[in-house]
Ligand code: ADP
């Protein structure tokens, strides 16, 4: 199979070759046509000039200067014109074919041969035009000029055409060499980024997700292709990072309660600890931690399954929010958190249970990550298309490095922070999956040590 570079080169070269050949042929045909036109229109002028010159041969002396006439006649003959001069009585006083019969015949034969050789279809006929001659308003005779019509080329004309044709061919050849070089250059420019795309795609397939295409191209489609490949590599790299993180996180999360549980049980078996209520509660709390993690994994599997089924309904999100806030009343009180709520009845079209889960997750995070005495503001509003729910807190905030990953499963902004709060980094992944399934949107703004604001948009009722 031919490479793209070879194919493009061949394509450019054949197109260039075709163009150059076509231009050369067209230029040739056009030029000859123009020259023929010029020759035809020039013939009459040439004849008149000769007639004037002959007339001058009489005007200068008041009688014929035959030497001068002969000179003009011979030079006209060399241009393929046969002159015959008659006086006022109609008698021939000079005739090219009679006076110089040998040269005249040779010249004419030569002209016919040249024209027939170059233009096999040339059907030149011997024509003659008559031009009256005057001296002091008296007619002194007539000059008859014979020539091959409608057009013919003399030696000089043929030489001129030949030179012009050679120039066209040379220009054509130079253009061809130029087009050849340009074709190779362009195909190289076009194929280089594509070759880089192939190489990068191969590297990505082999697991080198950090590989990128840095080729600069001015071609929109190739630019889009390289951008998309880079995006693909970036997405795969991100997933790979998360996958590694997920494995190490799950292992770590499992290892800690398991190791604690094991050491507690060993202490009791070895008789170091009494198997009393206090120590059994310790062991129990570790099994609860394990249970929470497994529950989180199960929940995630349920929401991230191939098809999350929604039971859609029109209902008031504002009253749903109020009811969720009521459930958190005790948590707010125990942390001494002040809650501000603003919102009017607003109907949305959504799955009531799943949106409740979203609200619970967002509010529980706000409580979890807001220190004692903090504030949580909740707002329910709408524009013409969507309902907007914002949950804002004055909590720990999330760093800029963590923000892009916050909705990824098992991602925790600050591991030590969430380990104490018991979070496994699953809540927001579930929230995002539910919101996406509703064709809604979730965004987050946050500043470390100042607080976070989660904004959810959902379609209004239908
Ligand atoms: P978790 O169960 O660990 O809270 P989430 O998916 O709900 O998991 O949250 C993921 C991460 O986002 C957590 O590590 C937490 O640090 C951070 N986070 C979520 N909500 C907030 C918030 N309101 N303020 C500060 N950090 C938050």
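In our numbering, the protein residues as written are 96 to 557. Heads up, the beta-carbon is just placed ideally off N, CA and C, and yes, glycines get one too.
Taking the Cα positions, residue 435 is about 34 Å away from residue 389. The secondary-structure analysis by DSSP pairs residue 549 across a beta bridge with 486, 539. Three or more beta-carbon pairs separated by less than 8 Å link the stretch 293-301 to the stretch 320-329, which places the two stretches in contact. Under the three-state reduction of DSSP output, residue 443 falls in the strand class.
Residue 233 sits in a strand when the DSSP states are folded into three classes. At least one heavy atom of ligand 1 sits closer than 8 Å to the Cβ of residue 465. Residue environment for residue 203: buried (at least 16 other C-beta atoms within 10 angstroms of its C-beta).
Within its own chain, the residues whose Cβ lies closer than 8 Å to the Cβ of residue 368, once the five positions on either side in sequence are excluded, are 359, 362, 374, listed in chain order. With a cutoff of 9 Å on beta-carbon distance, residue 134 and residue 178 are scored as not near each other. Residue burial is scored here from C-beta neighbours: residue 499 has fewer than 16 other C-beta atoms within 10 angstroms and is therefore classed as exposed. In the DSSP assignment, residue 223 forms a beta bridge with 241. Within the chosen limit of 8 Å, ligand 1 reaches the beta carbon of residue 493 through at least one heavy atom.
With a threshold of 16 other beta carbon atoms within 10 Å, residue 171 meets it and is buried. Closest option to residue 557, judged by alpha-carbon separation, among 452, 481, 529: 481. Taking all protein chains in view, the Cβ of residue 278 is crowded by 16 or more other Cβ atoms within 10 Å, so the residue is classified as buried.
In the assembly as shown, residue 508 is a buried residue. Its beta-carbon has 16 or more other beta-carbons within 10 Å. In this structure, the C-beta of residue 327 stays at least 8 Å away from each heavy atom of ligand 1. Close CB contacts of residue 247 within its chain, under the 7 Å cut and outside five residues either way in sequence, are with 175, 206, 210, 219 (chain order). Collapsing the DSSP output to three states places residue 228 in a strand. By the C-beta criterion, the stretch 257-267 is judged not to be in contact with the stretch 178-188, since fewer than 3 inter-stretch pairs fall below 8 Å. Annotation: residue 409 to residue 427 spans about 29 Å, alpha carbon to alpha carbon. Between residue 273 and residue 241, the gap from beta carbon to beta carbon reaches 9 Å or more. Bounds of any alpha helix (DSSP H) do not take in residue 187; it lies within the beta strand (DSSP E) bounded by 187-190. 9 Å or more divides the Cβ of residue 488 from the Cβ of residue 414. If you look at residue 475, you'll find it in the beta strand (DSSP E) that goes 470-477. Cα atoms of residue 156 and residue 230: separation of roughly 10 Å, rounded to the nearest angstrom. Rounded to whole angstroms, residue 353 and residue 385 show a C-alpha spacing of 8 Å. With fewer than 16 neighbouring CB atoms inside 10 Å of its own CB, residue 437 falls in the exposed class.
The three-state secondary structure of residue 312, taken from DSSP, is coil. Along the length of the stretch 124-211, whole beta strand (DSSP E) runs at least 3 residues long occupy 177-182, 187-190, reported in chain order. The shortest C-alpha to C-alpha distance from residue 102 to any of 281, 365, 223 is the one to 281. In this structure residue 446 touches residue 407 by the C-beta definition: roughly 6 Å separates them, less than 8 Å. The continuous alpha helix (DSSP H) containing residue 283 extends over residues 250-300. Leaving aside the five residues that flank residue 449 on each side, the residues in its chain whose CB is nearer than 6 Å to its CB run, in chain order, 529.
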